[in-house]
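Participant: Taken in sequence, the protein lines are chains A and B.
Residue 75 in the working numbering sits at position 75 of the first sequence; the count goes up by one each step and never skips.
Count along the second sequence from 1, then add 1000; that gives the number in the working numbering.
No residue lacks a Cβ here, since even glycine has one placed at the ideal position from N, Cα and C.
2 protein chains.
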Amino acid sequence: MLSKKTIYALKALIHLAGTPIGHPVLIADLAKDENIPKKFLEFILLSLRKGGLLQSRVGKGGGYTLALPPNKITIGSIVRILEGDIAPVQCLSTTNYARCEECQDEATCGIRLTMADVNVALSNVLDSLTLADMIERSAAARNKIQNVVDYSI
Amino acid sequence: MLSKKTIYALKALIHLAGTPIGHPVLIADLAKDENIPKKFLEFILLSLRKGGLLQSRVGKGGGYTLALPPNKITIGSIVRILEGDIAPVQCLSTTNYARCEECQDEATCGIRLTMADVNVALSNVLDSLTLADMIERSAAARNKIQNVVDYSI
DNA sequence: GTAAAAATCTATTATTTCTATAGACATAAA
DNA sequence: TTTATGTCTATAGAAATAATAGATTTTTAC
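1) Spell out the partners DSSP gives S1056 (chain B) in its beta bridges.
2) Kindly indicate which three-state DSSP category V1125 (chain B) falls into: helix, strand or coil?
3) Could you please tell me which residues of the stretch 119 to 152 of chain A, in chain order, have their CB closer than 7 Å to any CB of chain B?
4) Is the shortest distance between the beta-carbon of D1085 (chain B) and the beta-carbons of chain A less than 8 Å?
5) Is I1176 (chain B) close to chain A, meaning its C-beta is less than 8 Å from at least one C-beta of that chain?
6) Strictly below 7 Å CB to CB, what residues from chain B border T95 (chain A)?
7) Is it buried or exposed for I1021 (chain B), if we count other Cβ within 10 angstroms and need 16 for buried?
8) I'd like to know if P69 (chain A) contacts chain B, where contact means its C-beta is closer than 8 Å to some C-beta of that chain.
9) Counting only the same chain and skipping the five closest in sequence on each side, list residues whose C-beta sits under 6 Å from that of D1127 (chain B).
10) Whose C-beta lies closer than 7 Å to the C-beta of N1096 (chain B) among residues of the same chain, with five residues either side of it excluded?
11) What does G1018 (chain B) touch in chain A if you count any residue whose Cβ is under 8 Å from its own?
12) Is T1094 (chain B) helix, strand or coil by DSSP?
13) Start and end of the alpha helix (DSSP H) containing G1156 (chain B)?
14) Looking at the C-beta of I14 (chain A), does it have a partner C-beta in chain B at a distance below 8 Å?
15) Counting only beta-carbon atoms, is C91 (chain A) nearer than 8 Å to chain B?
16) I'd like the span of the alpha helix (DSSP H) that includes H1015 (chain B), first residue to last.
17) Could you tell me the alpha carbon to alpha carbon distance between I1081 (chain B) and V25 (chain A), rounded to whole angstroms?
18) Express the C-alpha separation of I78 (chain A) and L131 (chain A) in angstroms, rounding to a whole number.
19) Spatial neighbours of L1068 (chain B) within its chain, please: CB distance less than 7 Å, with the 5 preceding and 5 following residues excluded, ordered by chain position.
20) Determine, using beta-carbon pairs with one atom in the stretch 1098 to 1114 of chain B and one in the stretch 141 to 149 of chain A, whether at least three such pairs fall under 8 Å.
21) Using the Cα positions of L1129 (chain B) and L48 (chain A), report the straight-line distance between them to the nearest angstrom.
22) Check whether the stretch 55 to 68 of chain A touches the stretch 26 to 46 of chain A, counting contact only when three or more Cβ pairs, one atom from each stretch, lie closer than 8 Å.
23) Going along the chain, which residues of the stretch 104 to 119 of chain A sit with their C-beta nearer than 8 Å to a C-beta in chain B?
24) Could you list which residues in chain A have their beta carbon closer than 9 Å to that of K1039 (chain B), in chain order?
25) Starting from A28 (chain A) and walking both ways along the alpha helix (DSSP H), at which residues does that stretch end?
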């Protein structure tokens, strides 16, 4: 289950993707528009910037913008930055590996060997989806509803 | 990331799968053999029993046994019992649905529409893997190592 | 060069979830 | 009727998540 932090990040990124290029968005505005606690959002945006997904400018006229086009920002990269990892067990993590206290021998641990499949499946789907997909799907759903409404009138 | 509770459950189930049919295992023995805090394990086994994966008998000669053959116990069912759910957002959960406070309209929420794909991928892999797979893979890995050792002598 | 606008940093608190423990209770077998 | 066992209720401790506060630095514009 994704944490609130990650959901906030996704909402913020979707918002930023919808603003014209060259127009930085203020933390305060983003917080107000998306109903995210401002100080918490500060921390989230900073993480995303350090993770390479956002650019920021300090001072008057500053704010946040995407560092990449939306179709180059994968959901996987977002989740990895905010949740620390994707792997179902830490002994499978590449970015955050730790030996599992619970098993004697990693090489023959059935849990690990099986969770490796889960890890691959999850990584594949998360890395194949992008911010652009999120926006497209939302728009497509809105269009569909709009058409149904038009017909029914 | 799976909680310790779920890892403990997997270890316990693997252990139970390895004991002869008709021989219930005591909580105390399981706790000792697998290095799981006894009281915590009690709670876990009870959850698994209520979830239909284990059978128990009270009193002398009692203990726990699997309620199903290992190839009928999916990893998905285990995770659902211990973690409550698999869905990445609660508004996609079938067993534990809750409306998400963060979105105005579920039908057009880009996060939800995208996470639906993740949910399907995750469910598919978790429901395709079973306790028997865990055991087989562990055995296969042990065999492989054994053979390598034999050759090298 | 000074004032205002903005992000950034450090620290702390509050809340929730996860992990673990204790003790009383119920059930079944010998 | 005693002993062995799982079951239940309650609670405590630890860790992670969510949120807040205030001081600091950077940049622009006047």
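Facilitator: So, to answer that:
1) Under the DSSP definition of a beta bridge, S1056 (chain B) partners with B:Y1064.
2) The three-state secondary structure of V1125 (chain B), taken from DSSP, is helix.
3) Under the 7 Å Cβ criterion, the stretch 119 to 152 of chain A contributes A121, L122, V125, L126, L129, D133, M134, I135, R137, S138, A141, R142, I145.
4) With 8 Å as the cut-off, D1085 (chain B) counts as an interface residue toward chain A.
5) Here chain B covers residues 1001 to 1153 and nothing more, so residue 1176 (chain B) does not appear.
6) By Cβ distance, chain B contributes nothing, its closest Cβ being about 12 Å from T95 (chain A), past 7 Å.
7) Exposed, by the Cβ-count rule.
8) No, no contact with chain B.
9) Answer for D1127 (chain B): T1074, G1076, listed in chain order.
10) Shown here for N1096 (chain B): same chain residues with a beta carbon closer than 7 Å to its own, the five before and five after excluded, namely G1084, D1085, Q1090 in chain order.
11) Neighbours of G1018 (chain B) on chain A: none; closest Cβ ~11 Å, over 8 Å.
12) Coil.
13) Residue 1156 (chain B) cannot be examined here, being either before or after the span of chain B that is shown, 1001 to 1153.
14) Yes, because at least one Cβ of chain B sits closer than 8 Å to the Cβ of I14 (chain A).
15) Not flagged as an interface residue toward chain B: C91 (chain A), since no C-beta distance is shorter than 8 Å.
16) Start and end: 1004 to 1017.
17) Their Cα atoms are separated by approximately 43 Å.
18) Counting only the Cα atoms, I78 (chain A) lies some 9 Å from L131 (chain A).
19) Answer for L1068 (chain B): L1053, listed in chain order.
20) The stretch 1098 to 1114 of chain B vs the stretch 141 to 149 of chain A: in contact.
21) The straight-line gap from Cα to Cα measures roughly 34 Å.
22) As far as the Cβ criterion goes, the stretch 55 to 68 of chain A touches the stretch 26 to 46 of chain A, which means the pair count is three or higher.
23) Residues of the stretch 104 to 119 of chain A that bring their beta carbon within less than 8 Å of a beta carbon in chain B comprise A107, T108, C109, G110, I111, L113, T114, M115, D117, V118, in sequence order.
24) Neighbours of K1039 (chain B) on chain A: none; closest Cβ ~18 Å, over 9 Å.
25) Where A28 (chain A) is concerned, the enclosing alpha helix (DSSP H) stretches over 27 to 34.
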